[in-house]
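Student: Listed in order, the protein sequences are those of chains A and B. Here my numbering is used: the first residue of the first sequence is 1, the next is one more, and so on. Here my numbering is used: the first residue of the second sequence is 1001, the next is one more, and so on. Take a look at this one; I'll ask things after.
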Amino acid sequence: MLSIKNLHVTINDKPILKGLTLDINPGEVHAIMGPNGAGKSTLSHVLSGKAGYTVTEGSVTYNGKDLLELAPEIRAREGVFLAFQYPVEIPGVSNIYLLKAALNAMRKHQGLPEVDAMDFLTIVKSKVKLLQMDEKFLYRAVNEGFSGGEKKRNEILQAAILEPKLCILDETDSGLDIDALRIVSEGVNSLRNAERSFLMITHYQRLLDYIKPDVVHVLADGKIVKSGGPELALELEERGYSWLEGQAA
Amino acid sequence: MSTSAQEIEHLISQEYKQGFVTELEVDTFPPGLDEDVIRRLSKVKNEPEFMLEYRLKAFRHWQTMPSPDWAQLKIDPIDYQAISYYSAPKSKKEGPKSLDEVDPQLLDTYKKLGIPLDEQERLAGIAVDAVFDSVSVATTFKGKLKDAGVIFCPISEALQEYPELVKQYLGSVVPTGDNFFAALNSAVFTDGSFVYIPKGVRCPMELSTYFRINAANTGQFERTLIIADEGSHVSYLEGCTAPMRDENQLHAAVVELVALDNAQIKYSTVQNWYPGDKDGKGGIYNFVTKRAECRGRNSKVSWTQVETGSAITWKYPSCVLLGDDSVGEFYSVALTNNLQQADTGTKMIHIGKNTRSTIVSKGISAGRAQNTYRGLVKVAKSAENARNHTQCDSLLVGDKCGAHTFPYVEVKQPTAQVEHEATTSKISEDQLFFCQQRGLSAEDAVSMIVNGFCKEVFKELPMEFAVEAQALLGISLEGAVG
Ligand SMILES: Nc1ncnc2c1ncn2[C@@H]1O[C@H](COP(=O)(O)OP(=O)(O)O)[C@@H](O)[C@H]1O
Ligand SMILES: [Mg+2]
Chain A
1 MLSIKNLHVT INDKPILKGL TLDINPGEVH AIMGPNGAGK STLSHVLSGK AGYTVTEGSV
61 TYNGKDLLEL APEIRAREGV FLAFQYPVEI PGVSNIYLLK AALNAMRKHQ GLPEVDAMDF
121 LTIVKSKVKL LQMDEKFLYR AVNEGFSGGE KKRNEILQAA ILEPKLCILD ETDSGLDIDA
181 LRIVSEGVNS LRNAERSFLM ITHYQRLLDY IKPDVVHVLA DGKIVKSGGP ELALELEERG
241 YSWLEGQAA
Chain B
1001 MSTSAQEIEH LISQEYKQGF VTELEVDTFP PGLDEDVIRR LSKVKNEPEF MLEYRLKAFR
1061 HWQTMPSPDW AQLKIDPIDY QAISYYSAPK SKKEGPKSLD EVDPQLLDTY KKLGIPLDEQ
1121 ERLAGIAVDA VFDSVSVATT FKGKLKDAGV IFCPISEALQ EYPELVKQYL GSVVPTGDNF
1181 FAALNSAVFT DGSFVYIPKG VRCPMELSTY FRINAANTGQ FERTLIIADE GSHVSYLEGC
1241 TAPMRDENQL HAAVVELVAL DNAQIKYSTV QNWYPGDKDG KGGIYNFVTK RAECRGRNSK
1301 VSWTQVETGS AITWKYPSCV LLGDDSVGEF YSVALTNNLQ QADTGTKMIH IGKNTRSTIV
1361 SKGISAGRAQ NTYRGLVKVA KSAENARNHT QCDSLLVGDK CGAHTFPYVE VKQPTAQVEH
1421 EATTSKISED QLFFCQQRGL SAEDAVSMIV NGFCKEVFKE LPMEFAVEAQ ALLGISLEGA
1481 VG
């Protein structure tokens, strides 16, 4: 469903991704690990269409479409979801309002009518429960005054309601205590199905104890330098990244 | 500049949809201002003698006054001799008697503006006075209001029918020499609305005036006077538009409100005068003196304004809290874009005991616009236990605009409590991207954020106006679920 071929990306002429290749099939969970500054967030931003990145070479195909041609909101409506490493605050706009506006934007794109207010509340409340959040969060301004962990949980709540096809999680585990990590992981696991794919960026093996990946990749110096099964993550936990740097996959 | 910064700039610039001109036969005075012009004006309007005296006194005073110091505003000198002081559609010199007599072309104009004057078509519960350039062309639901004892008519008509009432209150809140523009207005005002709510009456419908500038090179000098007698309630709305022209046009209004014991007046404005083009060419100079006197005990006045138009806005709707326990409120959204300038705020003058005031100001600045909040909270020695709370928030869209806040506080009474909070924030590219990543267009994202920012003020507007205000900011209603 997602095919990244030889992707080269620069920020202000500085090369960040240098020939990244990655294929994800429907229903697969891929983990990307790698040292700080390797380009993991850059990859998530390029896939979701953030401004400021220049693709100098390579291609990204998503469900048969040239993903890089699409405006960011179209990518989102086509099912690409990014759980941000640093979710922003939007004062004055309530969480539930954003959720409804986002869901209706998706539905409109699919030719569906706006969601019924009662149905919407039912869906939202069930997802809030799944993530063990307080309903009060729905009526607070988006992420305003949320703790780091609450922001991350809020990102997964949005994913649960928007039901994306490709879910990119950028360090969703960092900033979570062990209980929150378990709850968020259960939330993510409940979203797994035969169609939905995940690209999970993380530093830590512990997330992968909860969410079992199909494939683990190591991203270093702008490239995938090694790919393997879940056991690769354990090896990285023991040996660090340095033995892989400078290698090609 | 990055793509999304350009996008923000593009998004906030909307087209002005009320910029058309109605071609009509008109009676227009040649440009120029002297005592003869004022005499002619008073005569055309068939005014009582005291009114001419009032105008001449104001004019003589005005001639001695220096034009105001523009504070934060940049403005070219205005040539008062180049302006025409009267312009009216030809057939309506005498003022309309009934809707059937109104020129169909005028009815059409208002219909195009979304203000059908046909009583059947009107939203139930709103009476409209339509002021076109210098005259009122129609007032709806007069009969129904009269049954309730409410007087709602053009001020020119009130001068004929209720001269004593007008004489008693006109200029009692804003004296002729109050400031440069108030003096000018007192000398040359043409029309506006007059409202009197008798003792104990709750006005059965919302009253509204719709101001339209149509003629070129004319000034509009609107005069509105609202009196709420003891224990009465009224909600009054005001809307404004003008054609797109390359020249600046002057709108210098005076609005006076009087609330007697236990009376309440709610005054809402959606101001959408032509703001000029994106290079700052043309647009209305909106110089307005709006003041309310809470004369009676336990009286209350609320000003709510949404200011999106005009090249320059200079406006400080104020409350003089004379009566003990009286309450003044000011809720404001001022949006400036391109080269628009707004210097707006309020004055809360506490004189009575236990008087309370609330100020909520939301300034939004985009393009290269400048937006200034200027507010005065004054507590006299007599105002024991006076309270004020001021909250003043600015939102910047893009990085070439400016927001300024000038709160002035004068307190002479030690038991008073005066609080001021201010914030400035900016719509960031990260916020926009976040919203886009959730499937919203950047346009909807800006609207959503701006609307969220203005929420506290919009909820003070009567329903129909809240909808109009949101449409004006190009946004959909927030909080429908929450
Ligand atoms: N806006 C930017 N301007 C310049 N360099 C940037 C910018 N954003 C990220 N970088 C650089 O790009 C590299 C990759 O960053 P990032 O993708 O955030 O790494 P990771 O998520 O793997 O830690 C880093 O060297 C970082 O400093
Ligand atoms: Mg990162």
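Think of the CB as a built atom: it goes at the ideal place given N, C-alpha and C, for glycine as much as any other residue.
With a cut-off of 9 angstroms, does the C-beta of TYR97 (chain A) fall near any C-beta of chain B?
Tutor: Chain B contact via Cβ: present.
Student: Looking at ligand 1, does it come within less than 8 angstroms of LEU70 (chain A), judged from the CB to the closest heavy atom?
Tutor: Outside the cutoff, so no.
Student: Counting only Cβ pairs nearer than 7 angstroms, list the residues of chain B close to LEU82 (chain A).
Tutor: What LEU82 (chain A) touches in chain B: GLN1437.
Student: With ASN143 (chain A) and ILE90 (chain A) assumed to form a contact (beta carbons below 8 angstroms), what rounded beta-carbon distance in angstroms separates them?
Tutor: Confirmed, about 7 angstroms.
Student: For chain A, find out if any of its Cβ atoms is closer than 9 angstroms to the Cβ of ALA1386 (chain B); answer yes or no.
Tutor: So no, ALA1386 (chain B) is outside the interface.
Student: Within the chosen definition, does the region 1398-1414 of chain B reach the region 62-74 of chain A through at least 3 CB pairs nearer than 8 angstroms?
Tutor: In short, these stretches do not touch, since the Cβ pair count stays below three.
Student: Closest by CA to SER1084 (chain B), which one among B:GLN1220, B:THR1390, B:GLY1398, B:VAL1173?
Tutor: Looking at the Cα atoms, B:GLN1220 is the closest of the given residues.
Student: Along chain B, which residues have their Cβ under 7 angstroms away from the Cβ of SER48 (chain A)?
Tutor: GLN1437, listed in chain order.
Student: So which of A:ASP179, A:ILE211, A:ASN104 has the shortest CA-CA distance to ILE161 (chain A)?
Tutor: Selected option, being the one with the closest Cα: A:ASN104.
Student: If you measure between the beta carbons of THR1190 (chain B) and SER1156 (chain B), is that distance less than 9 angstroms?
Tutor: For THR1190 (chain B) and SER1156 (chain B), yes; Cβs fall inside 9 angstroms.
Student: Using beta carbons (cut-off 9 angstroms, strictly below), is LYS1455 (chain B) in contact with chain A?
Tutor: Yes, because at least one Cβ of chain A sits closer than 9 angstroms to the Cβ of LYS1455 (chain B).
Student: Would you say the beta carbon of GLY1276 (chain B) comes nearer than 8 angstroms to a heavy atom of ligand 1?
Tutor: False, no ligand heavy atom lies under 8 angstroms from that Cβ.
Student: Ordered along the chain, which non-local residues of its own chain (more than five positions away) have a Cβ less than 6 angstroms from that of ASN63 (chain A)?
Tutor: Once the five neighbours on either side are set aside, the close Cβ partners of ASN63 (chain A) are MET1.
Student: Between the beta-carbon of CYS1454 (chain B) and the beta-carbon of LYS1362 (chain B), is there less than 9 angstroms?
Tutor: Cβ atoms of CYS1454 (chain B) and LYS1362 (chain B): closer than 9 angstroms.
Student: Tell me whether the beta-carbon of LEU1237 (chain B) lies closer than 9 angstroms to the beta-carbon of SER1268 (chain B).
Tutor: Going by C-beta atoms, LEU1237 (chain B) is nearer than 9 angstroms to SER1268 (chain B).
Student: Using a Cβ cut-off of 9 angstroms (strictly closer), state whether GLN1271 (chain B) contacts chain A.
Tutor: False, the Cβ-Cβ gap to chain A never drops below 9 angstroms.
Student: Along the chain, where does the beta strand (DSSP E) that runs through LYS1484 (chain B) open and close?
Tutor: The question about residue 1484 (chain B) has no answer, for chain B in this structure spans 1001 to 1482.
Student: With respect to the alpha helix (DSSP H) encompassing GLN1340 (chain B), which residues constitute its N-terminal and C-terminal limits?
Tutor: Here GLN1340 (chain B) belongs to no alpha helix (DSSP H), and DSSP marks it neither H nor E.
Student: Would DSSP call GLY78 (chain A) helix, strand or coil?
Tutor: Gly is not the amino acid found at residue 78 (chain A); the sequence shown has Glu there. Coil at GLU78 (chain A), not helix or strand.
Student: Taking the alpha carbon of ARG196 (chain A) as the reference point, which residue from A:VAL115, A:GLU78, A:GLY49, A:LYS40 has its own alpha carbon closest?
Tutor: The candidate whose alpha carbon is nearest that of ARG196 (chain A) is A:GLU78.
Student: Beta carbon of GLU171 (chain A): closer than 8 angstroms to some heavy atom of ligand 2?
Tutor: Within the cutoff, so yes.
Student: Just checking GLY49 (chain A) against ligand 1 - is the residue's beta carbon closer than 8 angstroms to any of the ligand's heavy atoms?
Tutor: Incorrect: GLY49 (chain A) has no Cβ contact closer than 8 angstroms to ligand 1.
Student: Considering only DSSP beta bridges, list what ALA31 (chain A) is partnered with.
Tutor: ALA31 (chain A) is bridged to A:MET200, A:VAL216.
Student: Could you compute how far the alpha carbon of GLU1009 (chain B) sits from the alpha carbon of PRO1275 (chain B)?
Tutor: With a pLDDT of 48 at GLU1009 (chain B), under the threshold of 50, the modelled position of this residue cannot be trusted, and the question is left open.
Student: Could you please give me the residues that DSSP links to THR1358 (chain B) through a beta bridge?
Tutor: For THR1358 (chain B), which the question treats as bridged, DSSP gives the partners B:GLU1329, B:HIS1389.
Student: How about ILE4 (chain A): is its Cβ closer than 8 angstroms to a heavy atom in ligand 1?
Tutor: Not under cutoff, so the answer is no.
Student: Have a look at LEU1321 (chain B) and LEU1207 (chain B) and give me their C-alpha separation to the nearest angstrom.
Tutor: Taking the straight line from one Cα to the other gives about 24 angstroms.
Student: Could you check what DSSP says for LEU1033 (chain B) in three-state terms: helix, strand or coil?
Tutor: Three-state result, LEU1033 (chain B): coil.
Student: Could you please give me the residues that DSSP links to GLU1419 (chain B) through a beta bridge?
Tutor: BP columns for GLU1419 (chain B) point to B:HIS1389.
Student: In chain A, what lies closer than 9 angstroms to SER1425 (chain B) by C-beta?
Tutor: The contacting residues are PRO91.
Student: Residues of chain B with CB closer than 7 angstroms to the CB of ARG77 (chain A), please, in chain order.
Tutor: In chain order: GLY1439.
Student: For the beta strand (DSSP E) that contains VAL1270 (chain B), what are its first and last residues?
Tutor: Residues 1264-1271.
Student: Just to confirm, are ILE1075 (chain B) and VAL93 (chain A) a CB contact at a threshold of 9 angstroms?
Tutor: The answer is no: Cβ separation not under 9 angstroms.
Student: Taking 8 angstroms as the cut-off, is the beta-carbon of GLN85 (chain A) closer than that to any non-hydrogen atom of ligand 1?
Tutor: Answer for GLN85 (chain A): yes, Cβ within range of ligand 1.
Student: List, in order along the chain, the chain A residues whose C-beta lies closer than 9 angstroms to that of ILE1449 (chain B)?
Tutor: Result: ILE90, PRO91, GLY92, VAL93.
Student: Would you kindly work out how many angstroms separate the C-alpha atoms of LYS1167 (chain B) and VAL1173 (chain B), rounded to a whole number?
Tutor: If you take the alpha carbons of LYS1167 (chain B) and VAL1173 (chain B), they lie about 12 angstroms apart.
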